Amino acid sequence: MDTSVPASPDEILHSVFGYAAFRGAQAEIVAHLTGGGDALVLMPTGGGKSLCYQIPAIARHRAGRGLAVVVSPLIALMHDQVGALEEAGVHAAFLNSSLTFDEVQRIEREMMSGRLVMLYVAPERLTTPRMLAQLDSLQERGLLSLFAIDEAHCVSQWGHDFREDYLALNILHERYPGVPRIALTATADALTRIDIIERLSLDDARVFVSSFDRPNIRYMVVEKNDARRQLLRFLREEHAGDAGIVYCLSRKKVEETAAWLAAEGIPALPYHAGMAAESRRENQDRFLREEGVVMVATIAFGMGIDKPDVRFVAHLDLPKNIESYYQETGRAGRDGLPADAWMAYGLADVVNQRRMIDESPAEEAFKRSQRGKLDALLALAEAHDCRRVRLLGYFGEESVPCVSTQNVCDNCLHPPETWDATEAARKALSCVYRFHQGGGQRFGVVHLIDVLRGKQTDKVAQYGHDRLSTFGVGADLAEAQWRAVLRQLIALGHLRVEGEFSTLELTESARPVLRGEVSLRLRHAAKIPAKAGRGLSITRRKANTLSMDDEELARFEALKTWRAGIAREHNLPAYVVFHDATLAEMARELPDSLDALAEIGGVGAKKLEAYGREILRVLNE
Ligand code: ADP
Ligand code: ZN
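Here the sequence shown is numbered in the numbering used here, starting from 964 and rising by one per residue.
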């Protein structure tokens, strides 16, 4: 490959990365940035943000414009990102605290010489006097080609990833006004977008908003019923041997769940902010480098994890809002192959999340906005219709039910059965009303169900609730059915949960229901035991080996074994060498020459030269 002559973005896409065509807005963004314009890019996870600055960086470097600086908050991941570029034949480096003095000096020499194409740095490093002086010198010599600001939502105080250091990045605009800047994020909401533009002075930037649909992700919400077992069944039936992430709310639950899964024979590891930095890094490394590791984690885990073959993201607890749910589930299936977003959800989740907001010391206005966001998520969880439409609708994007997409949501595949729950709701609400009348005493869900079903308990006797007119009026419904009704009444906001004992109280919106002025259709409680994925495709083969015959499968496995050796040798995750999807295509197409091999997606010139003959040999064995 001759790197001395300028090349077009298309040529770079093909020869360096081995891809046939740009995706979506990539081509436009690349052209805009290569031409010197500023850009703000909003694209979902897996949409292909990296190429949006990597290709302009390469193109501008070849045109003699020097170094591109990539700002990223995640120093732990820089090693692999740079490794992936070097594998593709692009001279890149990172500067962070993990390097020795000698290494830093060597990289600085490469940088100042103009040979380096891309440098990854954390924001706090970029704004040190030493670094700025070096950039000044490059700028004077016309060798500063662009700035890319990854995870740009970190500049916004609205999100949960706010980083003080990002605010200082405003200096880039003032100090290097002629150098194009691109800011990228997968956070879709309008407030964050406005924040990014303002705080990074991107007023003149072109804004590129992609569709936030992730057609290869199947969204599923199952009713909680011994969540751990449901999870285990889901892992065994749908994702045996797959890598994935399981999110839990608390550190304790992370530890317990990881240990339990491990005891059940699943290679699960814990990750949360309370662990020693050393063990966290070790577990993250294993997740990235080994195959089929399940990471059980709090939300502390995940940002910037660009492992492409995460096949599922499971939630054992309800996230705070749709933004979080979308970010977390978005980590599945970056490679575009089928992946699952699975969540187990139940009455306790609704109660807990509501209580966490109520009891937080935040101001009332903030709590109100949190409640609104939780309500939107609950509506998604309780929805009877397409989850994808609701999800996208939340981000202001119109869409049609996903029956025609690659991976259909649970509701579209099996429309849930609903029933007319108007009478049942009235019984429950009026029973709560009767409790109020009896001297203001409040009670929780368990007692309410006992009274509705006419169960003689100590508590019933103590409060004389067997004399209430509502005692036993709900004997016709099973306990599980009542829990489902109450969960939905709380989710819909007709009942409020209060205080230490999670007692129930009527809200304003309960009145019309009580008076019989509105009717309610609710979801049936799931049959017990609920199928993990509601019986979607229990025997389906792995995403990337879908429709392979035995010979193809054997070749695929041989390629993976070969790849594992290279990855170990280079101290990189296997997917940096080649993606599964690339190996699968090789196994299927069985190329018989280097030219044929070059046509496989993901095989660029450098990799062809380095590995081509070896691959042909493995394929021929
Ligand atoms: P993001 O940063 O937006 O989450 P990445 O940049 O990591 O996404 O890209 C996601 C995956 O898609 C990567 O594995 C990348 O190699 C691949 N990809 C990106 N653009 C293309 C393209 N034009 N053709 C084929 N694969 C692509
Ligand atoms: Zn759907």
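Where is the CB? At the ideal position from N, CA and C, for every residue including glycine. Source: prediction; values computed, not measured.
Any non-hydrogen atom of the ligand ZN closer than 7 Å to proline 1364 Cβ: Yes, the beta carbon of proline 1364 sits closer than 7 Å to at least one heavy atom of the ligand ZN.
DSSP three-state assignment for valine 1448, whether helix, strand or coil: In the structure shown, valine 1448 sits in a helix (DSSP, three-state: H, G or I).
Pairwise C-alpha distance: aspartate 1512 and serine 1500: Legend: pLDDT at serine 1500 = 45, less than 50; position of this residue unreliable, value from coordinates given subsequently. The straight-line gap from Cα to Cα measures roughly 19 Å.
Outcome for proline 1233 when other beta-carbon atoms lying within 10 angstroms are tallied against a minimum of 16: Buried, since its Cβ has 16 or more Cβ neighbours within 10 Å.
Endpoints, the alpha helix (DSSP H) within which glutamate 1275 is located: Strictly speaking, residue 1275 in this sequence is phenylalanine, with glutamate absent from that position. First-last for phenylalanine 1275: 1273-1278, but that is the beta strand (DSSP E), not the alpha helix (DSSP H).
Close Cβ partners of glycine 1010 (< 8 Å) along its chain, the five nearest in sequence each way excluded: Excluding positions up to five away in sequence, the list reads Arg986, Gly987, Ala1149, Ser1173.
Where glutamine 1068 falls, given that 16 or more other Cβ within 10 Å makes a residue buried: Per the 10 Å Cβ criterion, exposed.
The stretch 1404-1422 / the stretch 1435-1445 touching (three or more Cβ pairs under 8 Å): Segment contact: the stretch 1404-1422 against the stretch 1435-1445, three or more CB-CB distances shorter than 8 Å; contact assigned.
Spatial neighbours of valine 1032 in its chain, beta-carbon cut-off 6 Å, leaving aside the 5 residues before and after: Excluding residues up to 5 positions away in sequence, Leu1082, Phe1110 lie with their Cβ nearer than 6 Å to the Cβ of valine 1032 in the same chain.
Any non-hydrogen atom of the ligand ZN closer than 7 Å to valine 1371 Cβ: Valine 1371 Cβ: within cutoff of the ligand ZN.
Continuous beta strand (DSSP E) stretch holding proline 1092: start and end: From DSSP, proline 1092 is part of no beta strand (DSSP E) but of the alpha helix (DSSP H) over 1092-1103.
Rounded Cβ spacing between histidine 1024 and valine 979 (contact assumed at less than 8 Å): Not confirmed; about 12 Å, so no contact.
Closer than 7 Å: aspartate 1269 CB and nearest the ligand ADP heavy atom: Distances between the C-beta of aspartate 1269 and the heavy atoms of the ligand ADP include at least one below 7 Å.
Alpha-carbon to alpha-carbon, aspartate 1113 and asparagine 1246: About 24 Å.
Pick from Glu1326, Ala1328, Ala1325, Gly1356 that is closest to leucine 1340, judged by C-alpha positions: Looking from the CA of leucine 1340, the closest CA among Glu1326, Ala1328, Ala1325, Gly1356 belongs to Gly1356.
Whole-angstrom C-beta distance between tyrosine 1139 and leucine 1589, which should lie under 8 Å: As shown, the chain starts at 964 and ends at 1584. That puts residue 1589 outside it, with no answer to give.
Cβ-based burial, phenylalanine 1329 [other Cβ within 10 Å; buried from 16]: So phenylalanine 1329 ends up on the exposed side.
Cβ pair leucine 1485, tryptophan 1382 closer than 8 Å: Taking C-beta atoms as the reference points, leucine 1485 and tryptophan 1382 count as a pair closer than 8 Å.
For leucine 1452, the nearest candidate out of Asp1338, Leu1279, Met1319 (CA to CA): Measuring from the Cα of leucine 1452, the nearest candidate turns out to be Asp1338.
Same chain, Cβ closer than 7 Å to alanine 1047, neighbours up to 5 away in sequence not counted: Cβ within range, chain order: Val1539.
For tryptophan 1382, the residue or residues it bridges with in DSSP: According to DSSP, which records beta bridges pairwise, tryptophan 1382 is partnered with Leu1485.
Cysteine 1375 CB to nearest heavy atom of the ligand ZN below 7 Å: At a cut-off of 7 Å, the beta-carbon of cysteine 1375 counts as near the ligand ZN: some heavy atom of the ligand is closer than that.
Reference asparagine 1315; option with closest CA among Gly1029, Asn1534, Leu1212: Out of Gly1029, Asn1534, Leu1212, Leu1212 has the C-alpha closest to the C-alpha of asparagine 1315.
Complete runs of the alpha helix (DSSP H) confined to the stretch 1332-1371 [at least 4 residues]: For the alpha helix (DSSP H) assignment, the uninterrupted runs of no fewer than 4 residues enclosed by the stretch 1332-1371 are, from N- to C-terminal side, 1350-1357.
Segment contact, 8 Å Cβ cut-off, at least three pairs: the stretch 1213-1232 with the stretch 1289-1300: Proximity of the stretch 1213-1232 to the stretch 1289-1300 falls short of the contact definition, fewer than three beta-carbon pairs being nearer than 8 Å.
C-alpha distance - leucine 1014 paired with valine 993, whole-angstrom precision: Our two residues, leucine 1014 and valine 993, have alpha carbons roughly 8 Å apart in a direct line.
Phenylalanine 1264 vs aspartate 1303 beta-carbon contact at 8 Å: The Cβ atoms of phenylalanine 1264 and aspartate 1303 lie no closer than 8 Å to each other.
Rounded C-alpha distance that separates lysine 1569 from alanine 1231: Each residue's Cα considered, the two are about 35 Å apart.
Buried versus exposed, by CB contacts within 10 Å (16 or more), lysine 1215: Looking at its Cβ environment, which holds fewer than 16 other Cβ atoms inside 10 Å, lysine 1215 is exposed.
heavy atom of the ligand ADP below 7 Å from lysine 1012 C-beta: With a cutoff of 7 Å, lysine 1012 counts as near the ligand ADP, since its C-beta is closer than that to a heavy atom of the ligand.
The stretch 1180-1200 touching the stretch 1258-1273, judged by at least three CB pairs closer than 8 Å: In this structure the stretch 1180-1200 does not touch the stretch 1258-1273; the number of beta carbon pairs closer than 8 Å is below three.
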